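Trainee: Sharing a structure with you now.
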Amino acid sequence: VKHTRWHSDIIYKLVFSDLCLSHSQNFTNPGEQEAARCDTRAQLEKRGCIEKDIISPQNNLTVTKNTPLSTNAFVKDEPIQLRPQEVNLELRPGLPRTFRLDFRRVEGYPVDLYYLMDLSYSMEDDLRSIKTLGNELFKALQGITKQGRIGFGSFVDKTVLPFTNTNPEKLKKPCAEKEQFCQPAFGYRHVLSMTENKADFNREVDKQRISGNLDSPEGTLDAIMQAAVCGDRIGWRNSSTRLIVLSTDDGFHMAGDGKLAGILEPNDERCYMDNQLYTKSNDMDYPSVGQVASQLEKNNIQPIFAVTKSMENELSRMIPKSEVGVLSEDSKNVVELIQAAYNRLSSKVTVTHDALPDNVRVTYTPLCPGGGPAGDKGVCDNVKVGTLVSFNVTVTADECIDREVSFLIGPLGIKDKMKVSLSTHCECECDDPKEKNHTYCNNKGKVNCGMCSCKAGFVGQRCECSIGEKDESSLRAACRKDNGTECEGRGDCVCGICQCYALQGGSTYYGTHCECENESCEKFQNKLCGGNGKCRCKNCDCSPEYEGTACQCKKSDEQCRTPSGSVCSGRGTCQCNQCKCMEGYQRPYCLTCPACQIPCITKGKCIECLGFATGPFSKNCSQTCKSINDFEIVETLPPGKPCDVRDVENCRVFFTIKQLDGEDNYSAQILKTRECPELPNIYAIIGGAIAAVALIGLVILLIIKGFLYWRDVKEFRRFENEKKKEKWTHLFLHYSIPFRFTFLSPLMSL
1 VKHTRWHSDI
11 IYKLVFSDLC
21 LSHSQNFTNP
31 GEQEAARCDT
41 RAQLEKRGCI
51 EKDIISPQNN
61 LTVTKNTPLS
71 TNAFVKDEPI
81 QLRPQEVNLE
91 LRPGLPRTFR
101 LDFRRVEGYP
111 VDLYYLMDLS
121 YSMEDDLRSI
131 KTLGNELFKA
141 LQGITKQGRI
151 GFGSFVDKTV
161 LPFTNTNPEK
171 LKKPCAEKEQ
181 FCQPAFGYRH
191 VLSMTENKAD
201 FNREVDKQRI
211 SGNLDSPEGT
221 LDAIMQAAVC
231 GDRIGWRNSS
241 TRLIVLSTDD
251 GFHMAGDGKL
261 AGILEPNDER
271 CYMDNQLYTK
281 SNDMDYPSVG
291 QVASQLEKNN
301 IQPIFAVTKS
311 MENELSRMIP
321 KSEVGVLSED
331 SKNVVELIQA
341 AYNRLSSKVT
351 VTHDALPDNV
361 RVTYTPLCPG
371 GGPAGDKGVC
381 DNVKVGTLVS
391 FNVTVTADEC
401 IDREVSFLIG
411 PLGIKDKMKV
421 SLSTHCECEC
431 DDPKEKNHTY
441 CNNKGKVNCG
451 MCSCKAGFVG
461 QRCECSIGEK
471 DESSLRAACR
481 KDNGTECEGR
491 GDCVCGICQC
501 YALQGGSTYY
511 GTHCECENES
521 CEKFQNKLCG
531 GNGKCRCKNC
541 DCSPEYEGTA
551 CQCKKSDEQC
561 RTPSGSVCSG
571 RGTCQCNQCK
581 CMEGYQRPYC
591 LTCPACQIPC
601 ITKGKCIECL
611 GFATGPFSKN
621 CSQTCKSIND
631 FEIVETLPPG
641 KPCDVRDVEN
651 CRVFFTIKQL
661 DGEDNYSAQI
671 LKTRECPELP
681 NIYAIIGGAI
691 AAVALIGLVI
701 LLIIKGFLYW
711 RDVKEFRRFE
721 NEKKKEKWTH
731 LFLHYSIPFR
741 FTFLSPLMSL
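Right under this line is the structure:
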């Protein structure tokens with residue numbers, strides 16, 4: 001079938017409904033879309049479509065490989081534990097298909113166990129214990145299967161700072177000085193490939209020596225990743241239960257931690273092993289837990305985490321189909337731990353799938369006793385070896401798929417998988433090649449699936465339009481609005497003109513592109529436009545006395561008027577007799593605006609220029625302050641707390657202001673008298689300054705006088721002290737000298 005637009009519509013509709021092939025003239029009404037042929041079977045029969053003309057594609061399931069299940073592992077070929085092995089599904093979009101999947105774990109199935117041990121310094125006593133438990137480990141494995149093998153690997157951490165001390169001496173011997181047997185630092189080392197030889201295992205483990213690093217977390221994820229992806233080096237068998245036993249006593253580094261050492265290259269989940277060592281340890285970041293979980297599942301490896309109490313469940317809860325056990329301080333309980341973990345893993349069957357194609361869903365319903373509800377995984381617990389368990393698998397394709405795709409379904413940790421090849425049934429198997437020029441198509445085309453496939457040069461529902469010099473695309477473009485859907489999906493494009501469909505209510509779509517209709521307007525009290533108007537192109541055209549999006553309100557503004565008679569205070573509109581206020585204003589009358597700025601502050605400069613012709617607005621006051629269109633200067637203000645501002649002369653101006661109707665409309669009363677600060681007393685200031693100078697001078701003189709007095713007193717006391725130290729000899733003269741007195745008068749010399 002050629003995929004014209006009509007066929008594409010039918011293919012889409014087939015997802016949800018059946019198709020009528022009838023090409024009688026009265027099956028589709030004039031102007032009715034051909035997609036009306038797709039409907040429920042009941043509706044098609046009601047419209048007169050006979051049974052033989054109804055197409056209802058169904059799902060097809062073909063089992064292409066269904067080998068019986070094996071009873072034990074001791075067979076020539078690989079044992080079969082899952083059936084069917086291959087199925088082909090052809091699905092009708094939207095229609096689910098369920099089939100049964102059986103699984104039985106065979107007795108004696110081979111087991112490959114890889115013991116991966118942390119050899120950091122804190123594991124010294126654990127290493128000593130493992131060296132003595134090799135025989136017991138093999139004995140426990142033989143109790144599980146006669147085809148068991150064991151390998152060994154060890155890890156510490158990346159040998160770069162800050163994870164390991166990079167001092168050359170410390171790299172050679174990263175342990176404490178007292179430790180005599182210490183091997184150089186390393187990331188991950190594969191020690192022993194899978195072997196059945198106990199002596200080889202004991203010998204290689206006995207050679208192991210403890211090592212060390214700086215920080216507590218270890219390079220655990222590096223080691224698990226390499227053990228999972230380096231299958232040929234480890235020696236994993238194709239048909240075996242693969243187990244990794246991880247033994248550690250501390251946490252682990254994860255993706256991103258490598259940046260601490262300047263390692264920016266992300267882990268690429270590939271094998272890098274040379275001379276048994278992981279060669280990209282210092283070049284590539286740690287993998288994420290998700291990457292490790294993905295590779296473990298991809299390679300059917302089930303991890304058993306033998307860790308300390310503090311580490312319990314940290315890794316196991318992130319990785320599906322894994323088990324965890326708590327190590328004793330010296331790891332002597334590791335054998336019992338492995339046995340218990342293996343029993344738990346083998347008794348739980350979890351069925352899931354790998355990556356699914358887009359728009360495909362798979363769910364599982366366990367049929368085992370105690371099985372859970374349907375989900376994206378099927379889980380059966382407490383399943384004994386040799387017991388058959390079944391699951392109902394339901395596959396649904398939500399949309400058509402262009403080509404055949406495939407995916408795998410199977411139990412986690414088991415190699416056996418079922419391959420599902422999936423295609424979708426989206427073609428209409430209803431081509432009628434008998435008549436190339438059918439009368440239904442005006443002898444200008446043939447009938448396909450009840451619709452006309454026109455000859456070149458003709459288009460239309462019945463090939464009634466001759467396109468002439470125009471091509472079909474240009475005619476169809478005329479039926480599209482703004483490159484939208486043809487006729488808005490509500491009509492047929494006939495010769496470049498939209499023929500609109502009828503609606504169930506009896507009316508039709510209308511408009512150049514069928515964009516209008518009169519049945520989807522808003523309803524009020526379950527009536528179109530509330531019964532108070534007419535629906536015109538999706539909008540209500542209300543009667544003169546009504547308003548509202550659904551004509552639900554009588555035109556009235558009674559509840560919107562303030563006591564003064566204004567509608568919504570001039571700060572809103574009255575809709576349905578309620579105020580719809582401007583932003584910030586509150587109903588019912590849009591009187592108040594709690595979030596708006598206070599006019600006492602915003603109108604202060606206008607009050608100054610209007611009342612006293614001062615301030616920054618004084619030169620253009622009438623234009624700048626038009627919002628205050630009514631003001632007066634009064635001797636006294638009415639009672640209440642007035643507004644006040646400081647003018648350019650630092651005087652306080654008192655006023656009251658009231659908002660009038662409208663957003664920015666005020667009236668004000670301005671107090672005639674300003675409150676200005678008193679002028680300073682010049683004489684008092686000058687007199688005070690002179691007095692202060694005189695006082696300061698007097699004080700200075702007194703200080704000088706006091707200093708001089710103190711100095712004199714000091715000198716006098718020193719003189720007195722010196723005087724007391726002098727010694728004089730007293731000498732008396734016993735003779736007398738006669739005296740003579742002469743008196744002279746100044747007047748006598750004249």
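Quick note: the sequence shown, position 314, residue 314 per the UniProt record's numbering, numbers continuous.
Yeah, the Cβ is synthetic: ideal placement off N, Cα and C, and Gly gets one too.
Owing to the predicted nature of the structure, the values given are computational and were not obtained by experimental measurement.
1. Leaving out the 5 sequence neighbours to the left and right, which residues in its chain are closer than 6 Å to residue 398 when beta-carbon positions are compared?
2. Compare the beta carbon distance of residue 487 and residue 498 with 8 Å and say whether it is the shorter of the two.
3. Mark residue 24 as exposed unless 16 or more other C-beta atoms lie within 10 angstroms of its C-beta, in which case mark it buried.
4. Quick one: Cα of residue 120 to Cα of residue 211, how far?
5. Tell me whether residue 701 is buried or exposed, calling it buried when 16 or more other Cβ atoms sit within 10 Å of its Cβ.
6. Looking only at its chain, what residues have a beta carbon closer than 6 Å to the beta carbon of residue 362, apart from the 5 residues adjacent to it on each side?
7. So, helix, strand or coil for residue 629, using DSSP?
8. Please identify the residue among 621, 644 and 253 whose C-alpha is closest to the C-alpha of residue 217.
9. On the CB-based measure, 16 or more other CB atoms within 10 Å of its CB, does residue 280 come out buried or exposed?
10. With a CB to CB cut of under 7 Å and the five nearest residues on each side skipped, what residues in its chain are close to residue 672?
11. Thinking C-beta only, is residue 213 closer than 8 Å to residue 145?
12. Give every residue of the same chain whose Cβ lies closer than 7 Å to the Cβ of residue 651, excluding the five residues on either side of it in the sequence, and list them in chain order.
13. Just to confirm, is the Cβ distance from residue 138 to residue 150 under 8 Å?
14. Quick check on the burial criterion: 16 or more other C-beta atoms within 10 angstroms. Buried or exposed for residue 386?
15. Ends of the beta strand (DSSP E) at residue 106?
16. Hey, is the stretch 682-693 in contact with the stretch 641-649, meaning 3+ C-beta pairs nearer than 8 Å?
17. How about residue 153 and residue 227: do their beta carbons lie closer than 8 Å?
18. Could you give the C-beta distance for residue 578 and residue 560, rounded to a whole number, given that I count them as a contact under 8 Å?
19. Can you tell me where the beta strand (DSSP E) with residue 88 in it begins and where it stops?
20. For the beta strand (DSSP E) containing residue 597, list its first residue and its last residue.
21. DSSP has residue 117 in a bridge; who is on the other side?
22. Is it buried or exposed for residue 598, if we count other Cβ within 10 angstroms and need 16 for buried?
23. Which residues share a DSSP beta bridge with residue 411?
24. Is residue 288 near residue 261, with beta carbons less than 8 Å apart?
25. Can you check DSSP and say which residues form a bridge with residue 466?
26. Report the partner residues of residue 572 according to the DSSP bridge assignment.
27. Determine, using beta-carbon pairs with one atom in the stretch 297-310 and one in the stretch 238-254, whether at least three such pairs fall under 8 Å.
28. Going by other Cβ atoms of all chains shown within 10 Å of its Cβ, with 16 needed for buried, is residue 158 buried or exposed?
29. Just list the residues that DSSP pairs residue 546 with in beta bridges.
30. Identify, in the order they occur along the chain, each residue of the same chain with its Cβ nearer than 7 Å to the Cβ of residue 466, setting aside the five sequence neighbours on each side.
31. Taking the straight line between their C-alpha atoms, what separation do you get for residue 155 and residue 187?
32. Which one or two residues does DSSP pair with residue 364 in a beta bridge?
33. With a cut-off of 8 Å on the beta carbons, I'd call residue 140 and residue 302 a contact; round off their distance for me.
34. My understanding is that residue 319 touches residue 245, with C-beta atoms under 8 Å, so please give their C-beta distance in whole angstroms.
35. Nearest-angstrom Cα distance between residue 79 and residue 37?
36. Taking only three categories from DSSP, how would you classify residue 624?
Mentor: By the coordinates alone:
1. Residue numbering aside, residue 398 sits at position 398 when the sequence shown is read from its first letter. So the qualifying residues of the chain are 359.
2. Walking along the sequence shown from the start, residue 487 turns up at place 487. Walking along the sequence shown from the start, residue 498 turns up at place 498. The answer is yes: Cβ separation under 8 Å.
3. Position 24 of the sequence shown, counting from 1, holds the residue named residue 24. With a pLDDT of 48 at residue 24, under the threshold of 50, the predicted position of this residue should be treated as unreliable, and no value is reported.
4. On the sequence shown, position 120 is the one that residue 120 refers to. On the sequence shown, position 211 is the one that residue 211 refers to. Put simply, the backbone Cα of residue 120 is about 5 Å away from that of residue 211.
5. If you number the sequence shown from 1, residue 701 lands on position 701. Result: exposed.
6. One-based indexing of the sequence shown puts residue 362 at position 362. So the qualifying residues of the chain are 353 and 395.
7. If you number the sequence shown from 1, residue 629 lands on position 629. Residue 629 falls in the strand class under three-state DSSP.
8. Residue numbering aside, residue 217 sits at position 217 when the sequence shown is read from its first letter. Looking at the Cα atoms, 253 is the closest of the given residues.
9. In the sequence shown, counting from the first residue as 1, residue 280 sits at position 280. So residue 280 ends up on the buried side.
10. Here residue 672 is taken as the residue at index 672 of the sequence shown, counted from 1. Non-local beta-carbon contacts of residue 672 in its own chain, meaning distances under 7 Å to residues more than five positions away in sequence, involve 633, 634 and 635 in chain order.
11. Residue mapping note: residue 145 aligns to position 145 of the sequence shown, counting from 1. Residue mapping note: residue 213 aligns to position 213 of the sequence shown, counting from 1. Result no, Cβ atoms of residue 145 and residue 213 do not sit closer than 8 Å.
12. Here the question's residue 651 lines up with position 651 in the sequence shown. Counting only Cβ-Cβ distances below 7 Å, and skipping sequence neighbours, we find 674, 675 and 676.
13. The residue given as residue 138 occupies position 138 in the sequence shown. The residue given as residue 150 occupies position 150 in the sequence shown. Contact flag set, yes.
14. Numbered from 1 along the sequence shown, position 386 holds the residue referred to as residue 386. Exposed is the label assigned to residue 386, since fewer than 16 other Cβ atoms lie within 10 Å of its Cβ.
15. Residue numbering aside, residue 106 sits at position 106 when the sequence shown is read from its first letter. Per DSSP, residue 106 belongs to no beta strand (DSSP E) and is neither H nor E.
16. Verdict: no, contact absent.
17. As a first step, residue 153 must be located in the sequence shown, where it is residue number 153. As a first step, residue 227 must be located in the sequence shown, where it is residue number 227. Yes.
18. Within the sequence shown, residue 578 is the residue found at index 578, counting from 1. Within the sequence shown, residue 560 is the residue found at index 560, counting from 1. In this structure residue 578 touches residue 560 by the C-beta definition: roughly 7 Å separates them, less than 8 Å.
19. Taking the first residue of the sequence shown as position 1, residue 88 is located at position 88. Its beta strand (DSSP E) spans residues 86-91.
20. Locating residue 597 in the sequence shown gives position 597, counting from the first residue. Segment: none, residue 597 is in no beta strand (DSSP E) and carries neither H nor E.
21. Along the sequence shown, read from residue 1 onward, the residue named residue 117 stands at position 117. Answer by DSSP bridge pairing, in chain order: 154 and 247.
22. Taking the first residue of the sequence shown as position 1, residue 598 is located at position 598. Classification for residue 598: exposed.
23. In the sequence shown, the residue the question calls residue 411 occupies position 411. DSSP output for residue 411 lists 351 as bridge partner(s).
24. To locate residue 288, count along the sequence shown from 1; it is residue 288. To locate residue 261, count along the sequence shown from 1; it is residue 261. Result no, Cβ atoms of residue 288 and residue 261 do not sit closer than 8 Å.
25. Here the question's residue 466 lines up with position 466 in the sequence shown. BP columns for residue 466 point to 458.
26. Reading the sequence shown from its first residue, position 572 is the one you call residue 572. In DSSP, residue 572 forms a bridge with 581.
27. The stretch 297-310, when compared against the stretch 238-254, does touch it at the 8 Å Cβ threshold.
28. Sequence index remark: in the sequence shown, residue 158 carries index 158 (1-based). A residue is called buried once 16 or more other Cβ atoms fall within 10 Å of its Cβ, and residue 158 is buried on that count.
29. The residue you call residue 546 lines up with position 546 of the sequence shown. According to the DSSP secondary-structure assignment, residue 546 is paired through a beta bridge with 554.
30. Taking the sequence shown and counting its residues from 1, the one referred to as residue 466 is at position 466. The residues are 457 and 458.
31. By one-based count along the sequence shown, residue 155 stands at place 155. By one-based count along the sequence shown, residue 187 stands at place 187. The alpha-carbon atoms of residue 155 and residue 187 are separated by roughly 5 Å.
32. Residue numbering aside, residue 364 sits at position 364 when the sequence shown is read from its first letter. Beta-bridge analysis with DSSP links residue 364 to 375 and 393.
33. Counting from one through the sequence shown, the residue named residue 140 turns up at place 140. Counting from one through the sequence shown, the residue named residue 302 turns up at place 302. No, residue 140 and residue 302 are not in contact; Cβ-Cβ is about 16 Å, not under 8 Å.
34. Within the sequence shown, numbered from 1, the residue matching residue 319 stands at position 319. Within the sequence shown, numbered from 1, the residue matching residue 245 stands at position 245. Separation of the CB atoms of residue 319 and residue 245 is rounded to 14 Å, and the pair is thereby denied contact status at 8 Å.
35. The sequence position of residue 79 within the sequence shown is 79, counting from 1. The sequence position of residue 37 within the sequence shown is 37, counting from 1. Between the alpha carbons of residue 79 and residue 37 lies a gap of roughly 53 Å.
36. Taking the first residue of the sequence shown as 1, we reach residue 624 at position 624. The answer is helix: DSSP assigns residue 624 an H, G or I state.
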